[in-house]
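See below for the structure under consideration.
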Amino acid sequence: MRTPIAESDPTFLIETRLRELAVERSSLLCQLNDFRAATRVVPPEILSEIFVIAATPLRLGAVCSRWREVAWDTPELWTTI
């Protein structure tokens with residue numbers, strides 16, 4: 001049985017917050033996995049076109065190994081350095 005005294009106990013409050021954070025972390029990991037899955041299905045040719053329009057090649061290459069490979073294989077990104 002939960003009492004008002006237990007709810008004001010620092011240990012109880014910390015454990016409650018940890019449970020809340022664990023739920024939030026789980027939700028964020030699901031969102032991250034969805035994003036990763038979506039970007040994996042984009043063909044390198046399309047990704048390359050997006051890169052040319054979107055940003056600087058050094059930043060793109062720092063995202064992940066796949067993006068780095070696509071960036072290095074896209075000569076248009078390296079014409080203005």
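Residue numbers (UniProt numbering): 1 to 81.
We treat Cβ as the ideally placed atom computed from N, Cα and C, and that holds for glycine.
Terminal residues of the alpha helix (DSSP H) in which residue i lies
i   : result
P10 : 10-40
E49 : 44-54
A71 : 65-72
Cα-Cα separation, residue i to residue j
i   : j   : result
T79 : V52 : 11 Å
Reference residue i; option with closest CA among the options
i   : options            : result
T74 : E49, R59, S65, A54 : E49
R36 : R25, R66, T11      : R66
V42 : V70, R59, G61, E24 : V70
E76 : A62, C64, A54, V63 : A54
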